[in-house]
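Working notes, beginning with the structure itself.
Here it is, written out as structure tokens:
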């Protein structure tokens with residue numbers, strides 16, 4: 111295995127919502143990372159694609175935000191997919207793959223509108239981290255750290271967890287990525303700290 115492969119495997123684990131990973135989980139993630147998972151994987155363009163997968167559910171209360179997020183992701187050439195639970199380690203709701211700029215949402219959990227929007231916000235934040243590092247270079251930038259954290263603090267999940275709970279944060283950051291400046295995300299963050 112070459113150096114890039116080791117780095118790619120390591121970065122997959124950094125982007126998980128939950129941390130425990132075993133060999134079986136690693137194989138499942140590698141399937142998404144290498145784009146070999148094709149059966150029961152659906153391309154998601156907007157909330158209508160989610161609605162079509164869960165006909166008895168109503169996603170109206172998150173539709174606008176979901177569509178804004180997917181619109182910005184599309185502008186950044188990041189694709190979103192809904193995948194069968196067999197491709198995900200237990201309890202993992204979503205994954206962002208750095209090598210091919212794709213977000214995979216675990217269908218097992220996406221029937222719940224709160225889990226759906228929080229997962230897309232979370233994985234969208236990883237896209238932002240990737241964007242500010244240079245979208246195609248395989249690295250992430252730490253954009254937000256806890257107060258008082260040393261400069262060496264290296265937690266990619268802190269900002270993503272924060273973004274998952276804050277409506278508008280990921281949209282502002284994605285807009286900043288798209289316009290190639292930090293005006294929108296800085297404006298959002300200043301508004302939150304007042």
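Residue numbers (my numbering): 111 to 304.
For each residue, glycine too, the CB sits at the ideal point set by N, CA and C.
All values reported here derive from a predicted model rather than from experimental measurement.
- The C-alpha of residue 282 lies about 10 Å from the C-alpha of residue 182.
- Look at residue 212 here: in three-state DSSP terms it is strand.
- DSSP places residue 234 in the helix class (H, G or I) of the three-state scheme.
- Segment contact: the segment 211-231 against the segment 167-174, three or more CB-CB distances shorter than 8 Å; contact assigned.
- By the beta-carbon neighbour count (other beta carbons within 10 angstroms, threshold 16), residue 155 is exposed.
- Residue 150 is positioned such that its CB atom lies no closer than 8 Å to that of residue 204.
- In the DSSP assignment, residue 275 falls within the alpha helix (DSSP H) that extends over 266-275.
- In this structure, the straight-line span from the alpha carbon of residue 286 to that of residue 236 is close to 14 Å.
- Membership of residue 207 in the beta strand (DSSP E) is indicated by the continuous run 204-207.
- In the DSSP annotation of this structure, residue 189 is not part of any alpha helix (DSSP H); the continuous beta strand (DSSP E) holding it starts and ends at 189-193.
- Here the alpha carbon of residue 161 sits roughly 12 Å from the alpha carbon of residue 176.
- The DSSP-derived three-state label of residue 152 is strand.
- Within a 10 Å sphere around the beta-carbon of residue 216 sit 16 or more other beta-carbons, which makes this residue buried.
- When the beta-carbon positions are compared, residue 188 and residue 212 come within less than 8 Å of each other.
- Residue 272 is positioned such that its CB atom lies no closer than 8 Å to that of residue 240.
- 190 is the residue among 301, 274, 190 and 242 whose C-alpha sits nearest the C-alpha of residue 206.
- The beta carbons of residue 234 and residue 179 sit closer together than 8 Å.
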